[in-house]
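Numbering (the numbering used here), first residue to last: 86 to 183.
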């Protein structure tokens, strides 16, 4: 990844987590946070004996998840479809009516 040599990325900012995709791989990931933003996602190089059945290599979807989180086209509010499926008509969904 390009963010290998960013200042301030150390073990204090490393958060262990798992992949957000539900593909069944159970990938373990380390997320590096700097000033409240994801700077890097990596996979562990070694695993403790109790969890050796989990693959050490993380999938590309998990390793690039920070791109999805910060993509400018990401939906930031719930939307409600208006009209038939497949049409480009939608509006913000503010809540459910009783």
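Glycine included, each C-beta is placed from N, C-alpha and C at the ideal position. Predicted, not measured: the structure shown is a model, and the values here were computed from it.
Nearest-angstrom Cβ-Cβ length linking residue i and residue j, presumed shorter than 8 Å
i	j	result
residue 151	residue 126	6 Å
residue 112	residue 143	4 Å
Between the CA atoms of residue j and residue i - distance to the nearest angstrom
i	j	result
residue 128	residue 157	26 Å
residue 170	residue 153	24 Å
residue 86	residue 145	At residue 86 the pLDDT is 42, less than 50, meaning the model places this residue with poor confidence and gives no usable figure here.
residue 130	residue 115	10 Å
residue 88	residue 161	For residue 88, the predicted structure reports a pLDDT of 44, less than 50, and the residue's modelled location is therefore unreliable. A value from the coordinates is still provided. If I take the Cα positions, the gap works out to 25 Å.
residue 159	residue 98	25 Å
residue 148	residue 164	28 Å
residue 183	residue 121	At residue 183 the pLDDT is 42, less than 50, meaning the model places this residue with poor confidence; the figure from the coordinates comes in the next sentence. Answer to the nearest angstrom: the Cα atoms are 38 Å apart.
residue 105	residue 124	17 Å
residue 155	residue 100	18 Å
Residues bridged to residue i (per DSSP)
i	result
residue 101	115
residue 146	Answer is none; residue 146 lacks a bridge partner.
residue 66	The structure shown does not extend to residue 66, since the chain is modelled only from 86 through 183, so no value can be given for it.
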